[in-house]
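Visitor: In mature numbering (1 follows the signal peptide of the UniProt record, and there is no 0), the protein residues as written are -21 to -1, 1 to 174.
After the structure tokens below, expect a handful of questions from me.
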């Protein structure tokens, strides 16, 4: 009994210490996120190191190699036209060898208008598809090439849109988007209007 209690205390201390040590680089104030570290931190001065004259090497700093971009997600109700629905914000990281990748992706959804709520309700009633699309090249939007994904509208509503995105990229090109709800989509699901 005493051994089990000791093991539980050790496990609890291990969990607490790991939670305390976790710090995410994705919640920085510079990126404008809620919950970011708002207090200025003491900066430890860099140690002074004597320099020798050696050939210069090109160094890339984070500020030179990162830029912020926004990617518009558009949606359509059934067979209707696409309209802006949300924005993905990301950092475009340029590596020293010239390759570019997207990092720190953030999602911001626009609220449904009254007309969009009515269209979504009609999709629910008719068991139709809700469609989304993203530009296939994030540096040259809006273009003619898009990546489109769809899901039955009944799979999304709970207390709001319950969405799950998996974006497959190669550099700055979006190859595919898996879109749907995080879990399974049982049939029939209650017809709930998106709030």
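Using N, Cα and C, we set each Cβ at its ideal position, and we do this for glycine too.
Keep in mind that this is a model prediction, so the values were computed, not measured.
Which runs of the beta strand (DSSP E) spanning at least 3 residues fall entirely within the segment 70 to 96, listed in chain order?
Guide: 79 to 88
Visitor: Rounding to the nearest angstrom, what Cα-Cα distance links residue 127 and residue 158 in this structure?
Guide: On the chain shown, position 148 is the one that residue 127 refers to. On the chain shown, position 179 is the one that residue 158 refers to. Rounded to the nearest angstrom, the two C-alpha atoms are 9 angstroms apart.
Visitor: Where residue 56 and residue 75 are concerned, what is the direct C-alpha to C-alpha distance, given to the nearest angstrom?
Guide: To locate residue 56, count along the chain shown from 1; it is residue 77. To locate residue 75, count along the chain shown from 1; it is residue 96. Computed Cα separation, rounded: 43 angstroms.
Visitor: I need the boundaries of the beta strand (DSSP E) containing residue 46, first residue and last residue.
Guide: Position 67 of the chain shown, counted from the first residue, corresponds to residue 46. Start and end: 45 to 56.
Visitor: Return the chain-ordered list of same chain residues with a C-beta closer than 6 angstroms to the C-beta of residue 86, the five sequence neighbours on each side being excluded.
Guide: Translated into positions along the chain shown, residue 86 becomes position 107. Take residue 86, set aside five residues on each side of it, and the residues of its chain with a beta-carbon closer than 6 angstroms to its own are 67, in chain order.
Visitor: Go through its chain and collect everything with a Cβ distance to residue 141's Cβ below 7 angstroms, but skip five positions before and after it.
Guide: The residue you call residue 141 lines up with position 162 of the chain shown. Result list for residue 141: 135, 160 and 161, in chain order.
Visitor: DSSP state of residue 118, grouped into three classes?
Guide: Within the chain shown, numbered from 1, the residue matching residue 118 stands at position 139. If DSSP states are grouped into helix, strand and coil, residue 118 belongs with coil.
Visitor: Between residue 163 and residue 154, is the Cβ-Cβ spacing less than 8 angstroms?
Guide: Start at 1 with the first residue of the chain shown, and residue 163 comes out as number 184. Start at 1 with the first residue of the chain shown, and residue 154 comes out as number 175. In this structure, residue 154 does not lie closer than 8 angstroms to residue 163 by Cβ.
Visitor: Alpha carbon to alpha carbon, how far is residue 69 from residue 50?
Guide: As a position in the chain shown, residue 69 is number 90, starting the count at 1. As a position in the chain shown, residue 50 is number 71, starting the count at 1. The straight-line gap from Cα to Cα measures roughly 8 angstroms.
Visitor: Roughly how far, in whole angstroms, is the beta-carbon of residue 143 from the beta-carbon of residue 109, given that I think they are within contact range, below 8 angstroms?
Guide: Working through the chain shown from its first residue, we reach residue 143 at position 164. Working through the chain shown from its first residue, we reach residue 109 at position 130. With 8 angstroms as the limit, residue 143 and residue 109 do not qualify as a contact, their Cβ atoms being about 13 angstroms apart.
Visitor: Rounded to a whole number of angstroms, what is the C-alpha to C-alpha distance between residue 78 and residue 131?
Guide: Translated into positions along the chain shown, residue 78 becomes position 99. Translated into positions along the chain shown, residue 131 becomes position 152. Straight-line Cα distance between these residues: approximately 37 angstroms.
Visitor: Can residue 115 and residue 152 be called in contact, C-beta distance under 8 angstroms?
Guide: On the chain shown, position 136 is the one that residue 115 refers to. On the chain shown, position 173 is the one that residue 152 refers to. Yes, these two residues count as a Cβ contact at 8 angstroms.
Visitor: Do residue 45 and residue 84 have their beta-carbon atoms positioned less than 8 angstroms apart in this structure?
Guide: Taking the chain shown and counting its residues from 1, the one referred to as residue 84 is at position 105. Taking the chain shown and counting its residues from 1, the one referred to as residue 45 is at position 66. No; because the gap between Cβ atoms is not below 8 angstroms, this pair is not in contact.
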